[in-house]
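Written below as structure tokens is the structure these notes are about.
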Amino acid sequence: MKVLLAHTLRANAARLLIVALGLAVWGFLMPIIYKTFGADFKKMVDAGLIPKAFVDFLGGNVLTLAGSISLGVIHPIAVFLKALFAVGFGLYAVAGERQRGTLEVLLARPINRRAVHAVLLVAIAMFSAVAVAAEIVGAIAGSAAVGLTDELVPGQLAFLWLNGLLLYVALGSLALAASVSFDRVAPAATAALSIIVLSYVLEILAELWPNARDLGAWSIFHYLDPRSILSGSSQSGDLVVLSIVALAAAAYAQVVFARRDLAAPS
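Per numbering that gives the first Met the number 0: the sequence shown ends with 265, consecutive numbering throughout.
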């Protein structure tokens, strides 16, 4: 197991470094943008040039450092970069190997399928931990560059990292569950991305459309609320929900992968 984990981490180290650097730069930019354009944005809000619904979607506190960092965390660009490894690696980890006809080489070694799945899930957790941390470290560096570190609370940043880690582990666990269920990447990606994209759309609808507020609870993204975390009102229940999703998907994958018949590659 240690050999497989070490090989997986080594094989993806360069790509992870590139993603982490991109997230660090993205996180660094948020305090810079707030410091540079915050006053102008406030004037636009006060003048009514920006719809209230959009301001609410941004958290209503986008005119603060915490608000700008929160916006960066939930922005589609940041979500995409952090999901690259959690979801992308999860989808290709088994279905991709199966599609290339190389999964049998791995399974021929003295390691059972449940152990293979466990190692891959640990790798997803480690990739996600680095990606989420990179964005937060970038935000801290950006805050230091504009002299605003006194507005950051270390405990809140640590909770934000943990909450973000659990979100992307849950997404990665779902992707890996789809990956072990199919022999090709395309159907695995269709199954996993349908759930993930629908979940993201539900969260957007819940934020922008008052009549759809209740839909937010059905979105996995609803359980990462950086605005609440950085305002000091984080909910530990969000961690529980994300943990349940991750564990449920992992349990499904453990059962399905162990019992699947793998036909000869075509």
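Heads up, the beta-carbon is just placed ideally off N, CA and C, and yes, glycines get one too.
My output table needs one value for residue i: the three-state DSSP class, helix, strand or coil.
i, result
"HIS74", "coil"
"GLY59", "With a pLDDT of 45 at GLY59, under the threshold of 50, the predicted position of this residue should be treated as unreliable, and no value is reported."
"ARG258", "helix"
"GLY100", "coil"
"ILE68", "helix"
"MET0", "coil"
"ILE110", "coil"
Give me the Cβ distance between residue i and residue j, rounded to the nearest whole Å; I'm assuming they're in contact under 8 Å.
i, j, result
"PHE88", "PHE126", "6 Å"
"LEU90", "ALA188", "5 Å"
"PHE256", "HIS116", "5 Å"
"ASP182", "GLN98", "7 Å"
"LYS81", "ALA132", "Contact flag wrong, Cβ pair sits at about 11 Å."
"VAL118", "THR7", "7 Å"
"MET29", "GLY141", "6 Å"
For a quick check, are the C-beta atoms of residue i and residue j less than 8 Å apart?
i, j, result
"LEU241", "ALA174", "no"
"LEU214", "LEU201", "yes"
"SER172", "LEU120", "yes"
"ALA177", "ILE31", "no"
"ILE123", "ALA85", "yes"
"ALA94", "MET0", "no"
"PHE220", "SER193", "no"
"TYR33", "SER67", "yes"
"LEU147", "LEU238", "no"
"ALA245", "LEU165", "yes"
"ILE110", "LEU3", "yes"
Who are the near neighbours of residue i in its chain, counting only those whose CB is closer than 6 Å to its CB and skipping five residues on each side?
i, result
"LEU159", "PRO225 and ILE228"
"GLY137", "ALA23, GLY26 and PHE27"
"ALA211", "LEU204 and ALA205"
"GLY21", "LEU80"
"LEU156", "ILE135"
"SER233", "PHE158 and SER227"
"SER218", "SER198, LEU201 and GLU202"
"TYR251", "ALA176"
"LEU83", "VAL18"
Among the residues of its own chain, which have a CB less than 8 Å from the CB of residue i, if the five just before and after it don't count?
i, result
"VAL72", "GLU134, LEU159, GLY163, LEU223 and PRO225"
"GLY231", "VAL152 and GLN155"
Short of 7 Å in beta carbon distance, which residues of its chain neighbour residue i, apart from the five on each side in sequence? Order them along the chain.
i, result
"ALA19", "VAL129, ALA130 and ALA133"
"GLN253", "ARG113 and HIS116"
"VAL184", "LEU90, TYR91, ALA94, GLY95 and GLN98"
Cβ of residue i versus every heavy atom of the ligand COA: is any distance shorter than 7 Å?
i, result
"LYS34", "Among the components of this structure there are no ligands whatsoever, and the ligand COA is therefore not found."
Secondary structure, alpha helix (DSSP H): runs of 4+ residues fully inside the region 146 to 233: If only uninterrupted alpha helix (DSSP H) runs of at least 4 residues are considered, those enclosed by the region 146 to 233 are 153 to 178, 184 to 207 and 225 to 229.
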